[in-house]
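Okay, so the sequence shown: first residue is 88 according to the numbering used here, each after it adds one. Okay, so here's the structure we're looking at.
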Amino acid sequence: MRGAERQLGAGVVPLRRLDGPQSEGSAGAGVPPASAQLGGRVNGLTLPPDQAARDRIGRDLERNLLVEAGAGSGKTTSLVDRMVALVRSRACTVDQIAAVTFTRKAAAELRQKFQVVLEQEAAKLASGHPDLDALEAAVRDIDHAFLGTIHAFCARLLRERPLEAGLDPGFREVLESEAERMQRSAWVEYLERLATDGDPRLEELDRLGIAADHLQDTFRELVENPDVDYGFDRVESPDARAVRAVRAEFEQLLDRAQGLMRGRTPPDGWDNFGKRIRTLLYWRRTLDWSDPRAFFDALARVHLKKSGLVQKRWADDGAGKAQAKRLFEDFCKFAEAGGPADRVLRQWWAYRYPVAIDVARHAAAAFAGQRKDRGQINFQDLLVLSAALLRNNPEARRDLGRRYPRLLVDEFQDTDPLQAEILLLLASDPETGDDWRTVVPRPGALFVVGDPKQSIYRFRRADIALYQLVKERFEDFGEVLVLEANFRSLGGIEALVKGVFDREDRFGKDDSDRQAAFAPLLTQREGMGVLATYSVSGSRQDEVARDDAGRIATEIARRVAAGERKADDFLILTRNRKYLSVYARALEDRNLPVDVSGAGVGFEDELAALLLLFRCLEDPANQPRVLGVLTGPLFGITLDRLVAYRDRGGRFRINRPSVGDDEVADAINVLHGWWKRALREPADVTAERVIGETGLFPLAAAGNLGGLRAGALSYLLDAVRARALEGDTSIAGAVDALATALDWEDAEAPLVPGRGDCVRVMNLHRAKGLEANVVFLAAPFGEFDRKPRMRVARDETGAARGTIPIVVKRGYATEIITQPATWEEDRKVEATFEEAEKTRLLYVAATRARDELWIARGSGLRGRDSSPWKVLEEWVAGLGMGIQLPRGLPPEPDRLDPEIDLTESLAEVASAAARTREPGYRLETVTARAKGAPARDPAVRDPSAHDPAVRTDRFDPSSLDPTSGGYEWGSVVHDVLAAAGEGTRGEALAQYARGLLIEYERPVDAAGEPTELEALMALVEAVRGSDIWARAMASSERHSEVPFALSRGEPNRPDVLEGVIDLVFKDGNRWVVADYKTDMGDDPDFEERSGRYRAQVDLYAECWEQLTEEKVGERVLVFTAQGRTESW
């Protein structure tokens, strides 16, 4: 162990300042409790150095602002301060605010903080203060504000203007896992359609030697980037004379190799170079190299190859080895970059590229049209269609801009060009143009917060060059504010940021299209904290990961057990997701709660067993699948018993019962019973039944990472349910849903989402915006230069142009199918952008810690320089801050004594489970109670009794009647009246009504158009002409379609009464509750129903009084078809 490292044990490591010479501390032990080692109090005596900028956030409300906020500077606080100031000053009402966040979790946190601050500010004011009403109204109506992701915001915009966007009003957004499945199916269907139609595109692919299935990954990229033009003009094929010359040289080299190899069989086999030559010699014998497809495929096998020779495999004497070496060198020279072979091969790839990319583009366009026609749109569609709506429809843009006059955006550095276009167009008026790069937003319409040093999503097209462009625009139409004060970290992190990143090759003095300028991190908490490196060992990545995980978990367990820290004080970060489960298992082995993000759902035994079981139910005569289920964790039958069953004449199929009394026959009969039930019942019901009967859930929960594994099972069950809700209840659909869910890499399925007091483990991209008291930068390996996979840039017109090579994976190698002529230059340029992003990722890693930052150092790992934390660890190690973390063994798990009688314990469990199935409350609707409640209920009046206090008013009814009444018609009328009450009118209301009529399957004509639309709109206009409607629209506060649930009855067995109030509004200082009824009133039972309707409204009024603690002064029945209201 180096002298700079100290063993952790039970003592105290004295803290040392990080801004001066360091001296070795005595060998000692543990890190002290946070309260002992850290100052940590906020310096309240002086304002932060950027306080003037912070004040302007809440003061300059009519100025567009871009706030450039460093790590820990309070970006969320800035947003909340701006929102509170907007409503408090009455610059807008809360429903006119749209705050866009990067994740749903961030949106939830923003909403919570917004409400808390609103309530706190209101509580500070005395009654009668002029700001109090505005703050209280904002608290009351906070759910009317939009606080969510950009995709959710776009969905809202499109739902308000579906027709103008070319969408069916009933469109739905598909989940990412479902989008993957749709994409795969669309590609297969597209190729089948080309083949069926005899499309010449397939002939062109065949002529150029391109297999259509090699284009699927390119198709996927084009689907994900619909606004990018990947097209290239056609280029000439390689010059025939140049090709002949290259071929002649190639064949001469192969002849020389053949001569050296003739008659020789190396004892250890041929080296990689020899294997390549043998393959090429075979191809030359069997293929016609006059066909350019065959020749260029062969040429690609040696292109740029510079390794693989082992001389002793080629000869035993020195002369022979020298010949082999010269041959190898000549092959390398022949295949080197810039040579004749390289030039003709690249010309061939460029010649094929336009044809290949055209097929992928055509498939992507067809798939986009299919999604739009079916009303099933993915996340990218939301962006593309919203941008097109705002760009091409001035009226919609103006109306939506009035609807959302105040836009606030968090994490703007991770905004892609489509998102930027949507925000800038919505914040500006159509008169300023339709080019988002030049429009001028309305004063105060746009407030964005971001930090270019944390722009780490280039793979999602979040381009720092875009950020710089928008920043320059803000300097024209608004202003840029800078926040440098950091309220998160201690002084050690400030020193680290300064020492590592204040360099021209990392963050220079000025912004560029590749990198942000350096900005200091001015920490406001007192104390330096802990910065340390620690060594881990192992020669392979998996060994290092296990060693590292053991050391971290041991240290965390020690400190939690000692009461120094809580589990949720710790955050473990890795550069990628591959070994996250290793760290999670090490923590759980030491009985530490863990929350893993970014690892997907995994593929544990029980998940594989469930998928195999459903594949078996799908194909009950498939013997390998049946055998797989029988030998798997569900039954665990040994092979010798399966052989014995077969020898007795048993069959491994489950579509027929098995005869016999052994365990194999019993298992097959169980499977047969499941198969028969699967034929009769929906697949989601079968899935629930199977998981319950097999005990898969407790099996998963009892194993390592039980919470995550049980959560993954619930996630798979939800996937099957979702497919069933879409209308596919088949076993085949369930199999596809299960496989798709398991394939989705970004799936997250904790059993208890948002569980607190857990050690958090995640890859670095998941950590942006997060913080922890103690951060471990783990897994010090795996950082290699990876070749860019595509490049997207905007030309002078603003159009996005892309270049992407079309490649196919063959084992660990990547084979180029085709690429544009410009790709090599584009790749080099893109590599500089990606290298700059590595610096920003490192900055994010370095700035998550509040108190302590621990950095792993790989000792003995091959490829030592591959650590993603290298520059951080070297700077910290240079201060002498090396510590040796011990790796302790996890405690032995509890063992169950097989002699213990579990009968009593199992009976108690069964009894407890039975008690959980007993209802704890009785749920009843207002409608049901009003219609059928017993006479003892004083809330229900005698329906036959005439009430002289009932007043009747009339309005002009519609002369148009629906085809029929009933529940569906009533539901449509209620929904459309609610939309009208919220201000929807004109064509937008008509389209909304049309969508509802289709959704509720009301009658349609031959063209699929609802036949009752005219009658529906006429009825709405009639109700609008009523006195009760006019009063509601003129009221100071009104609500439509208000759902509620109230507890009534005994505390230990309450009755829960639920319902939906159609319309409630305030008339003076009292509430008015109204209920719509669509009865025609011409049937003999109407009089009796009227009495029960009044009882129903009485119950609504009683519930509203309980909810609001305010009096209801009037109850109203609105008979929409009769042109009549009753009130009392």
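Every residue, glycine too, gets a C-beta built ideally from N, C-alpha and C.
{"query": "From GLU1213 to PHE1206, what does the alpha carbon distance come to, in whole angstroms?", "result": "8 Å"}
{"query": "Can at least three beta-carbon pairs, one atom from the segment 270–288 and one from the segment 1111–1121, be found at a separation below 8 Å?", "result": "no"}
{"query": "So, helix, strand or coil for SER1045, using DSSP?", "result": "coil"}
{"query": "Whole angstroms are fine: how far does the CA of GLY578 sit from the CA of ASP589?", "result": "16 Å"}
{"query": "With hydrogens ignored, establish whether the beta-carbon of LEU766 is closer than 6 Å to any heavy atom of the ligand FAD.", "result": "By its list of ligands, the structure shown contains no ligand whatsoever, and the ligand FAD lies outside what it can speak to."}
{"query": "Between ALA636 and the rest of its own chain, which residues show a CB-CB distance below 6 Å, the 5 nearest in sequence each way excluded?", "result": "VAL669, TYR670 and ALA673"}
{"query": "Going by Cα to Cα distance, which pick from ASN663, ALA1077 and SER542 is closest to ALA923?", "result": "SER542"}
{"query": "For the pair the segment 928–942 and the segment 876–895, tell me if three or more CB-CB distances fall below 8 Å.", "result": "no"}
{"query": "Hey, out of ARG560, LYS393, ARG307 and GLY616, whose CA is closest to LEU152's CA?", "result": "ARG560"}
{"query": "Which partner residues of TRP370 appear in the DSSP bridge assignment?", "result": "In DSSP, TRP370 forms no bridge with anything."}
{"query": "Return helix, strand or coil for SER1214, following the three-state DSSP convention.", "result": "strand"}
{"query": "Here's the rule: buried if 16 or more other CB atoms are within 10 angstroms of the residue's CB, otherwise exposed. What is PRO1025?", "result": "Confidence in PRO1025 is poor, its pLDDT being 38 and thus under 50, which makes the residue's placement too unreliable to answer from."}
{"query": "Helix or strand or just coil, what does DSSP make of VAL526?", "result": "coil"}
{"query": "Give every residue of the same chain whose Cβ lies closer than 7 Å to the Cβ of GLU206, excluding the five residues on either side of it in the sequence, and list them in chain order.", "result": "VAL226"}
{"query": "Please report the residue range of the alpha helix (DSSP H) in which PHE306 lies.", "result": "303–311"}
{"query": "VAL848 to ASP137, Cα distance in whole Å?", "result": "34 Å"}
{"query": "Mapping the DSSP letters down to three states, classify PRO1141 as helix, strand or coil.", "result": "strand"}
{"query": "Return the chain-ordered list of same chain residues with a C-beta closer than 6 Å to the C-beta of LEU1083, the five sequence neighbours on each side being excluded.", "result": "VAL1059 and ASP1062"}
{"query": "Taking the beta strand (DSSP E) that ILE659 falls in, what are its first and last residues?", "result": "657–661"}
{"query": "Counting only the same chain and skipping the five closest in sequence on each side, list residues whose C-beta sits under 8 Å from that of ARG974.", "result": "ASP634, GLY637, ARG638 and THR641"}
{"query": "Check whether the segment 217–234 and the segment 465–474 touch, using three or more Cβ-Cβ pairs below 8 Å as the test.", "result": "no"}
{"query": "Is the segment 804–822 in contact with the segment 767–777, if contact means three or more CB pairs nearer than 8 Å?", "result": "yes"}
{"query": "Under the three-state reduction of DSSP, which class applies to THR1039: helix, strand or coil?", "result": "strand"}
{"query": "Quick check on the DSSP output: what are the complete beta strand (DSSP E) runs of length 3 or more inside the segment 562–650, in order along the chain?", "result": "566–570 and 617–624"}
{"query": "Report, in whole angstroms, the separation of the C-beta atoms of ARG484 and LEU494, which I expect to be a contact under 8 Å.", "result": "Rounded, the Cβ-Cβ distance is 13 Å, inconsistent with contact."}
{"query": "Leaving aside the five residues before and after GLU1197 along the sequence, list all residues of the same chain whose C-beta is less than 7 Å from its C-beta, in chain order.", "result": "TRP1158"}
{"query": "Within 10 angstroms of its Cβ, does ILE987 collect 16 or more other Cβ (buried), or is it exposed?", "result": "exposed"}
{"query": "If we count the other Cβ atoms within 10 Å of its Cβ and call it buried at 16 or more, is HIS231 buried or exposed?", "result": "exposed"}
{"query": "Exposed or buried, LYS896, counting other C-beta atoms within 10 Å across all chains shown (16 or more means buried)?", "result": "exposed"}
{"query": "State buried or exposed for SER745, treating a residue as buried only when at least 16 other CB atoms are found within 10 Å of its CB.", "result": "buried"}
{"query": "For the alpha helix (DSSP H) that contains ARG271, what are its first and last residues?", "result": "263–284"}
{"query": "As a quick exercise: from GLY885, ALA854, ILE903 and GLU911, pick the residue whose alpha carbon is nearest that of ARG878.", "result": "GLU911"}
{"query": "Helix or strand or just coil, what does DSSP make of ALA865?", "result": "coil"}
{"query": "With DSSP as the reference, label ASN850 as helix, strand or coil.", "result": "strand"}
{"query": "Counting only the same chain and skipping the five closest in sequence on each side, list residues whose C-beta sits under 7 Å from that of GLU750.", "result": "ILE724 and ARG728"}
{"query": "From ASP1043 to GLY1210, what does the alpha carbon distance come to, in whole angstroms?", "result": "5 Å"}
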